[in-house]
Amino acid sequence: MGPLSQPNGTSLDWADAAVMGLDESVVLAGSTEIDGEDGFAALELDSEGVELWRWEDSPGGGTCRTYGVTVSDDGSVVGAGYIWSGDWATPSLGETDFIAYKLAKDGTLLWKWQVTYE
């Protein structure tokens with residue numbers, strides 16, 4: 006999708022995945038800069054484009070990307086992507102790890118997952 010910037014924002018934000026949510030909402034997911042480090046990001050907009058919630062989380066190092074997102078029947082959001090050279094949900098055992106996270110309908114984190122396959 007490409008870089009997006011929040012109004013009056015000072016960091017680079019990327020939306021790499023989008024999906025229609027419940028009640029004609031739109032969920033965007035990707036990455037953002039948090040305190041000078043890459044982080045995961047997601048947000049939901051209502052049918053008029055008004056932000057309903059925003060979620061961000063950073064491992065404090067490494068490159069973070071969310072490339073896929075879906076919305077379940079209960080409105081929760083699942084994102085998937087990768088982290089390079091960083092510990093997020095568990096200690097990294099290699100350079101690039103798969104990640105997934107689940108957010109409640111209101112955007113609060115329910116769980117996060119990280120694994121290395123070598």
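Under my numbering, the first residue of the sequence shown carries the number 6, and numbering increases by one thereafter. Using N, Cα and C, we set each Cβ at its ideal position, and we do this for glycine too.
- Between the C-alpha atoms of L57 and L114 there is a straight-line separation of about 15 Å.
- Going by DSSP, L108 is part of the beta strand (DSSP E) stretching over 101–108.
- If you check the CB distance, S90 and G65 do not come in under 8 Å.
- Taking a C-beta distance under 8 Å as the contact criterion, V82 and V32 qualify as a contact pair.
- DSSP, read as helix, strand or coil, puts E61 in strand.
- Excluding residues up to 5 positions away in sequence, R70, T71, Y72, I104 lie with their Cβ nearer than 6 Å to the Cβ of G86 in the same chain.
- By DSSP's assignment, T68 forms a beta bridge with W89.
- With respect to the 8 Å criterion, S63 and E42 are classified as neighbours on the basis of their beta carbons.
- Between the C-alpha atoms of W60 and G99 there is a straight-line separation of about 26 Å.
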